[in-house]
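Accompanying notes for the structure given below.
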Amino acid sequence: MMINKTTPFDSDLNSSDVEVNDAGLAAVGPLEFYNGHNYVIEESIGYLIKHAQLALNRTIDTKMAGIDLTALQWAPLLLIAHGKGRTAAELSRCSGVDTSTMTRMLDRLESKGLICRNRCEKDRRIIYLELTDTGKEFAAKVPYVIAESFNHHLRGFTNEEVNTLKSLLRRIKANEES
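Position one of the sequence shown corresponds to residue 1 (UniProt numbering), numbered consecutively onward.
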């Protein structure tokens with residue numbers, strides 16, 4: 001059964017694009033949530049995700065000030081601690097930061113005595129990153145600060161809502177790969 005459905009924002013929608021399934025629900029091809037007619041930046045998923053991340057980072061930065069780390073510094077420290085970035089290039093890929101920015105960040109971490117760089121014996125072009133003992137101590141504190149900050153921003157959420165949020169974010173990420 002075909003129906004005719006149009007909205008002020010869907011002027012290109014043809015009645016042939018809409019079908020009613022056996023349950024009586026209308027289905028329109030792949031669902032599109034945005035178009036040029038109704039796009040409002042403050043309501044876009046990207047904007048909201050980015051500003052949520054900025055809010056989290058501000059809170060984390062405030063709490064990290066006590067151990068003299070910024071959001072840009074604790075992330076590589078934690079990635080190295082968890083074996084997710086053995087080189088500057090790996091860290092850059094994991095964190096979405098360009099290599100030159102990551103190199104400057106690693107210079108700061110090294111000057112603070114938190115990491116050291118070691119050349120690969122088999123391929124001298126490769127420089128491996130390792131945490132110093134002090135770096136390991138700092139990295140051990142980071143998850144507690146992050147957890148406290150996240151819990152602050154998630155107050156009022158139920159466990160189900162937090163799990164739903166994580167699931168939805170994973171689906172957005174998975175859509176990039178499909």
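We put the beta carbon where it would ideally sit given N, CA and C, even for glycine. Quick caveat: nothing in here was measured; it's all calculated off a predicted structure.
### Query
Shortest alpha-carbon distance to isoleucine 146 belongs to which of Ala65, Glu42, Lys173?
Ala65
### Message
Using 8 Å for Cβ pairs, my map puts isoleucine 67 next to phenylalanine 138. What's the rounded Cβ distance?
### Response
6 Å
#### Entry: Beta-bridge pairing of isoleucine 115 - partner residues as DSSP gives them
Leu131
### Task
Would you tell me roughly how many angstroms separate the C-alpha atoms of lysine 104 and alanine 174, rounded to the nearest one?
Note that residue 104 is arginine in the sequence shown here, rather than lysine. Cα-Cα distance, rounded: 31 Å.
#### Entry: Assigned secondary structure, asparagine 151 (DSSP; H/G/I helix, E/B strand, else coil)
helix
### Query
With 16 as the cutoff for other CB atoms within 10 Å, does proline 76 come out buried or exposed?
buried
### Query
Using a threshold of 6 Å, is the CB atom of proline 143 nearer than that to any non-hydrogen atom of the ligand SAH?
Ligands displayed in this structure: none; no statement on the ligand SAH is therefore possible.
### When Ile127, Glu160, Leu72, Pro143 are compared against arginine 58, the one with the closest alpha-carbon
Leu72
#### Entry: Coarse secondary structure for histidine 37, derived from DSSP in three states
coil
### Query
By DSSP, does isoleucine 126 sit in helix, in strand, or in coil?
coil
### Query
Can you tell me whether DSSP reads threonine 70 as helix, strand or coil?
coil
### Task
For the alpha helix (DSSP H) containing leucine 48, list its first residue and its last residue.
45-64
### Message
Using CA atoms only, rank isn't needed, just tell me which of Ile126, Ala52, Lys136 is closest to lysine 112.
### Response
Lys136
### Whole-angstrom distance between lysine 50 and aspartate 32, CA atom to CA atom
The identity of residue 32 in the sequence shown is glutamate, whereas the question assumes aspartate. Going from the Cα of glutamate 32 to the Cα of lysine 50 covers about 21 Å.
### Query
Per DSSP, what kind of secondary structure is aspartate 12 in: helix, strand or coil?
Bear in mind that a pLDDT of 47 at aspartate 12, under 50, signals an unreliable position, so the number given afterwards is only what the model happens to contain. Here aspartate 12 sits in coil by DSSP.
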